[in-house]
Ligand SMILES: Cc1ncc(C[n+]2csc(CCOP(=O)(O)OP(=O)(O)O)c2C)c(N)n1
Ligand SMILES: Cc1ncc(C[n+]2csc(CCOP(=O)(O)OP(=O)(O)O)c2C)c(N)n1
Ligand SMILES: [Mg+2]
Ligand SMILES: [Mg+2]
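Chains as they are written, first to last, in the numbering used here: chain H, 126 to 445; chain F, 126 to 445; chain W, 9 to 366; chain Y, 9 to 366.
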């Protein structure tokens, strides 16, 4: 850990804060009726996405889910263009066609954000196969949740990647719930990383509130993948602090449980590390928060002022 | 082993021989152009099906595959009505509507024979759920092959059965090939029963050429299921002696490999056990072979003479 | 009498507010309660669960959470975790499990959270459940219902993977039946029939209709499959539609009436089996047919309906059969593009006028 | 000139033997080789793999074994295990992997062994591959081909789970293209276009046609998508068909000619996009339309084709549009029941006669 540069650590922090603020902003504009559709907040899981994505190169590609604002930001996407996307504006990454669940920034290294749970895993497997055939040393990194591990996709994709030793890091973000379903009611074992043994690949379980631990574990898995060692199943243990989507009633859990989990807040925790190890002062970190909040105000303004897609383009981008 | 009655052992032997002779007969009538469609012989795997099915009660239900002649016979089905089915006759178990791949005898305890690989597993899970809800202590036993373990169905079904502790025994018959694909080219681990750990259920690997070992392992798993202990993954290691289907060219393996495997012939092996332990003389066993061969001749005659379904019934059995 | 109206609060601003008296199905004097379509479906489920212990529900988050659209809310508390069974995210196995349970004598009602996700379950739906009866020569029967919300619009839809209308995928498969109700009354009556039917029934629920309100009789009743429902009698143009499109047809009919155009609205109600006779009789009377579906135009339900009109009423046609259907595009997120995806009242009015002027 | 005939050996006895000169597509003098449709597809694959290193194949048992119908036989020896890639039995992931590889610049040609099994892959086909381009606002393109044998009959079909024709499932989904060739010439030319197309293309191959022989030009060529092919000119009746049904239409036309009925056969060739103009022009000329498909009748392709005729040529119709289609039943195994499942030459002749007598 001590070998990480201050710049890198601060960039991690910045991205975590950017995710948090983006999500708070997105929930706010949703509540205010400024956007339609839905928002699935990533709050509480920032360390997972940032730890993984900062261990990647820009030519490593992620595959996202319905809950991928955080993954995009972690991979370096521009929050203004993301905000424009959830506002359904032409200036959004997907020209307003995708919305919150499908934000995809090809330019910072994404294969897409797929809202059918588990469907990104096979796609990442194929991308990794493409890398191998092209002689590239890029790595493909699909995200899924604890809920996603019950899908047939999860199994088929892990098996295929394993037999072909493909450069994939499968990231399971165990935020403990799939909508209303506690993971132990849907997953037949406690430690999801144990499933790796069934594929003959390494399974790693990491504290998903700790960005440095995630970064280290992801880095190892990515290096293994890049150097021909095949896939890894990486499980980040975190928690979904907000409802499944903004405004979701959460009838299935106690507030006490959520409050208890709040104490593991990955941002506060990382701030403590950074101030203790001398990377930054509390003031410097506070300045980052301010800066990012300003960024979000600007992003909302940009998104609000941006034009909607022209109805005359309704038939564009259906076929290439 | 020694506690098994002679009658039981001889009935096992009889059913194994019946399977063998049925398959030889089916391949023969296919080659002679007497039946259409296709035949997937179970030769070499008789000990697996018989060992499992004789550990079941008649109200325990199996779910079959494209290769389920053997499972049906092992469960007690009448070879004449089975033969009529592969001849497409109204007297067949499925009134000629199913054919070789779908032979299903409800009366001896089957849920169906499903030719989409892996598709019987979820159905067996549902049957087991039904048993539980009805307060019955029956067990559901889906069969699949090594190839079937790569399907999403396999994973989803094992997980669901595990979380609900359903009375299911998942039987994987590892006959080493899925059509032309050697199992180690499609399955990322050598011992398929190791996958059970990923579901928190027992995984058992057994010599699938040895009917007594299969019977014992299956019996244990069935008892566990029946008494509320939840599902088991039972892998029977066997070998597909014939081509994937009758007449399949087998370009993917050497004859030497097949010949080497022939020495494990489960019937010859069981015959040796039975004569050595005094259950039967060689002559008595030979008499069983004769008897079964006569049964097959009668079955073919029955099937050939039976009427085809009347075209006027073409719209029957589409809806209940 | 406000027997049918919609809950404006829970929907986006752009959903046309349908006049409360647009569809009247319960004669005055019949004891009835007003409820939403979601409530009507819930009531059908609850009553059938009371009546028949073999009926149970399974699906993702249908328990305490009540499903993505709250349809099963309260049923968990009432019937318990065994009969209102939360499943993992395993669509193909949810359906397979329903089939297995049905094969041993249960009567499961499964839910897939959005029809879009049924792409994961098409094997169990179309290859196993639909075919088991024929493949076993009548030994098997598979009495299950599969509930799936579908459709888009008005802020309820969220882009390409949560907005489709896929009735054709199922209606094209022999062995399945497909219901697509347009009102609370129809939804409850058809759900009862679906649960009591011995075949696999696909029950499609349009998301926008969940909050539509209408009268539902207090007494037990069920509605037949394979019978269209004439929602409005008319003499000049027959509109054949289902689900949410029935409302656009009804609203258009009201406007057209003021112009002297008399519209008959035939609600298909069960997409399969399709009541070809009622469609034929209506067009033989009016001589003009407009087929309207939300599903994508190409190879959608409109083609089949038109073909039936052709087979049943060609000699009576005074104008070509017209169709209105969803734009042939994945559903885009942006409002400016989602508007215009599907036929609306204005489109129906314009098409009917065209037909009259042909 | 025996440019088109069929390999009687590899098929059951009951497949009608089509006269060799029924379809002539290569003018005399053009250098051409005779080959089966399976060979023509193989040649297209091989030539494209030679031309473009990004093209590769993946699917179950497509390697040494050459696939269930031998189409890829020899390609494994020629191009190696990397580019002719055997997969596990994981249909949804085969398609997902094709999509992922396509997204990073490869041009995969995937195979699903029988179209029936695509029920397991509908999510990756219809929800991911078909929608990625729109959902990403044009960032993504998904240039893959999915080859699937389909259809039934004549001993090649083996009951309900190996005999379906499912083109409607795909043609109804925007973002996909769907080809369904009827001859070796068409198969090779359409396959070349499919591989060079930047969109996901569903390439359906009728099992009975694999052994049909025909002339294929020696020179490189490709055939356009979205263009029907008029397989035979005529003036009295237009038959709109695709795949194997084109052969029944052609054979029927020959008989009908002797009765003085002049039949135009329009081979749809790409089910989607559909060439509505050619269909319309033909029916405006003949005034009579017969739509013929092997797929099940209800909500099958015939409805869409009839609707297009209606939209394009209503005023020219001298008789109602007639349709012939697959019986609405899962495919039974027994010959006595499988016979009669699908339209045949006699059915086409009878329907055309009816149309003339209307
Ligand atoms: C295949 C599929 N089934 C159901 C849904 C509806 N759905 C959306 S998110 C979700 C829960 C996903 O849980 P998990 O994978 O743990 O991800 P999380 O939401 O916790 O990030 C469900 C069931 C879906 N999108 N896709
Ligand atoms: C989902 C699916 N994919 C492909 C096929 C074609 N197919 C039939 S049998 C088979 C191999 C099955 O292998 P395995 O499960 O090992 O069973 P075995 O044939 O060896 O008994 C394949 C690929 C199928 N029936 N279903
Ligand atoms: Mg989760
Ligand atoms: Mg095998």
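Glycine residues also receive a C-beta, built at the ideal position from the N, C-alpha and C atoms.
- Not flagged as an interface residue toward chain H: residue 221 of chain Y, since no C-beta distance is shorter than 9 angstroms.
- Annotation: residue 244 of chain F has no Cβ neighbours in chain H at a cutoff of 8 angstroms; minimum Cβ distance is about 11 angstroms.
- For the stretch 158-180 of chain F, residues whose beta-carbon sits nearer than 8 angstroms to a beta-carbon of chain Y comprise 161, 162, 163.
- Boundaries of the beta strand (DSSP E) harbouring residue 357 of chain H: 357-362, taken from the DSSP string.
- Among the residues of chain Y, those whose CB is under 9 angstroms from the CB of residue 310 of chain W are 311, 312, 315, following chain order.
- The nearest non-hydrogen atom of ligand 1 is 8 angstroms or more from the C-beta of residue 280 of chain H.
- For residue 175 of chain H, there is no enclosing beta strand (DSSP E); the residue is found in the alpha helix (DSSP H) stretching over 171-178.
- For the stretch 159-182 of chain Y, the set of positions with a beta-carbon nearer than 7 angstroms to some beta-carbon of chain W reads 167, 168, 169, 176, 177, 179, 180, 182 in chain order.
- Using a C-beta cut-off of 8 angstroms, the stretch 361-380 of chain F makes contact with the stretch 333-341 of chain F, since at least three inter-stretch Cβ pairs fall below that distance.
- Counting along the chain, residue 267 of chain H sits inside the beta strand (DSSP E) bounded by residues 265-270.
- Distance from the CA of residue 440 of chain F to the CA of residue 221 of chain F, rounded to the nearest whole angstrom, comes to 14 angstroms.
- Shown in chain order are the members of the stretch 222-236 of chain H whose Cβ falls below 7 angstroms from a Cβ of chain Y: 222, 223, 227, 229, 231, 236.
- Shortest Cα-Cα distance from residue 273 of chain W to any of W:140, W:175, W:243, W:281 involves W:243.
- For residue 302 of chain F, none of the residues of chain H pass the 8 angstroms Cβ criterion, the least Cβ distance being about 15 angstroms.
- By the neighbour-count criterion, in which a residue is buried when 16 or more other Cβ atoms sit within 10 angstroms of its Cβ, residue 104 of chain W is buried.
- Sorting Y:92, Y:117, Y:97 by C-alpha distance to the C-alpha of residue 106 of chain Y places Y:117 at the top.
- Going by beta carbons, residue 173 of chain F and residue 339 of chain F fall inside the 9 angstroms limit.
- For residue 250 of chain W, the secondary structure class from DSSP, reduced to helix, strand or coil, is coil.
- Excluding the 5 residues flanking it on each side, residue 192 of chain H has same chain C-beta neighbours closer than 6 angstroms at 165, 167, in chain order.
- Nearest to residue 264 of chain Y by alpha-carbon distance, out of Y:278, Y:113, Y:362, is Y:362.
- Take the alpha-carbon of residue 190 of chain Y and the one of residue 179 of chain H: they are about 52 angstroms apart.
- Cβ contact annotation for residue 125 of chain W (same chain, cutoff 8 angstroms, sequence separation greater than five): 99, in chain order.
- Closest option to residue 224 of chain H, judged by alpha-carbon separation, among Y:353, Y:102, Y:143, Y:77: Y:143.
- Spatial neighbours of residue 228 of chain F in its own chain (CB-CB distance under 8 angstroms, excluding positions within 5 residues in sequence) are listed in chain order as 189, 193, 194, 197, 202, 207, 210, 211, 217, 218, 219, 238.
- Per DSSP, residue 170 of chain Y lies in no alpha helix (DSSP H) and is assigned neither H nor E.
- With distances taken between CA atoms, residue 197 of chain W lies nearest to W:51 out of W:276, W:246, W:317, W:51.
- Rounded to the nearest angstrom, the gap between the Cα atoms of residue 360 of chain F and residue 246 of chain F is 14 angstroms.
- The residues 299, 301, 331, 333, in chain order, have a CB closer than 6 angstroms to that of residue 310 of chain W in the same chain once the five nearest residues on each side in sequence are set aside.
- Contact of residue 274 of chain Y with chain W is not assigned, every C-beta pair being separated by 9 angstroms or more.
- DSSP places residue 214 of chain W inside the beta strand (DSSP E), whose first and last residues are 209-214.
- Interface annotation for the stretch 288-314 of chain H against chain F: 288, 310, 311, 312, 313, 314, criterion Cβ-Cβ distance under 8 angstroms.
- Counting only unbroken stretches of 3 or more residues, the beta strand (DSSP E) elements lying wholly within the stretch 295-344 of chain F are 328-332, in sequence order.
- Judged by pairs of C-beta atoms under 8 angstroms, the stretch 31-39 of chain Y touches the stretch 180-194 of chain Y, as three or more such pairs exist.
- Taking 8 angstroms as the upper bound for CB-CB distance, residue 313 of chain F and residue 284 of chain H are in contact here, some 5 angstroms apart.
- The C-alpha of residue 86 of chain W is placed about 9 angstroms away from the C-alpha of residue 54 of chain W.
- Taking 9 angstroms as the CB threshold, residue 120 of chain W stays off the interface with chain F.
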